[in-house]
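Residue numbers (my numbering): 802 to 959. C-beta: ideal position from N, C-alpha, C; glycine also. Please read all numbers here as calculations on a predicted model, not as lab measurements. The structure under discussion appears below in the form of structure tokens.
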């Protein structure tokens, strides 16, 4: 079993090889604007999962997925030639959903910022309901009721 550092290095190298091969050798018209986002290699270096995104609508994404599947043999052969590992890893192409999730989170955060701005706008023009201190009585009421005013010094009749 190989160490994790070697698997990580191989994953980076596989990503470079596949990207270069897609750019220079694969001429499939179905292949759209594909970005390789990540490659993960199993610790035994036998399988590599390639994560990718496609710029475009669902039809372009599906066409690019079919193009990647049809080019899998050419890509694996290039990986085998250029990496020099004993067993060339099998390639599995998986659409990366992280950019979609990030976009949804950005939209939710934007709506939250807009709601906060609306609350601040409404709060700026609002006045408090009732007295500022509802438990404080004016001095006249205290004198009339026969109580003492703790806020007023003793002997102050004002």
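Going by beta carbons, residue 890 and residue 821 fall outside the 9 Å limit.
The DSSP assignment places 834-842 as complete runs of the beta strand (DSSP E) inside the segment 811-849, in order along the chain (cut-off: 3 residues). Beta-bridge annotation (DSSP): residue 893 is paired with 850. Taking one beta carbon from each stretch, the segment 872-881 and the segment 833-846 have fewer than 3 pairs nearer than 8 Å; the two do not touch. Residue range 859-871 is occupied by the alpha helix (DSSP H) that includes residue 860.
Distance from the CA of residue 816 to the CA of residue 804, rounded to the nearest whole angstrom, comes to 19 Å. Closest in C-alpha terms to residue 854, from the list 845, 839, 846, 844, comes 839.
Per DSSP, residue 804 is not a residue of any alpha helix (DSSP H), being assigned neither H nor E. Taking 9 Å as the cut-off, the beta carbon of residue 883 is found closer than this to the beta carbon of residue 814. Here residue 855 carries a strand assignment [DSSP, helix/strand/coil]. About 50 Å separates the beta carbons of residue 923 and residue 894, which is beyond the 8 Å limit, so they are not a contact pair. Going by C-alpha positions, residue 842 is about 7 Å away from residue 811. Distance from residue 868 to residue 904 at the Cβ level is roughly 24 Å; contact not present, criterion being Cβ atoms closer than 8 Å. Its chain contains 815, 818, 819, 849, 889, 890, 892 as the residues whose beta carbon lies nearer than 8 Å to that of residue 880, once the 5 sequence neighbours on both sides are disregarded; these appear in chain order. In summary, residue 865 is buried, with 16 or more beta-carbon neighbours lying within 10 Å of its beta-carbon over all protein chains present.
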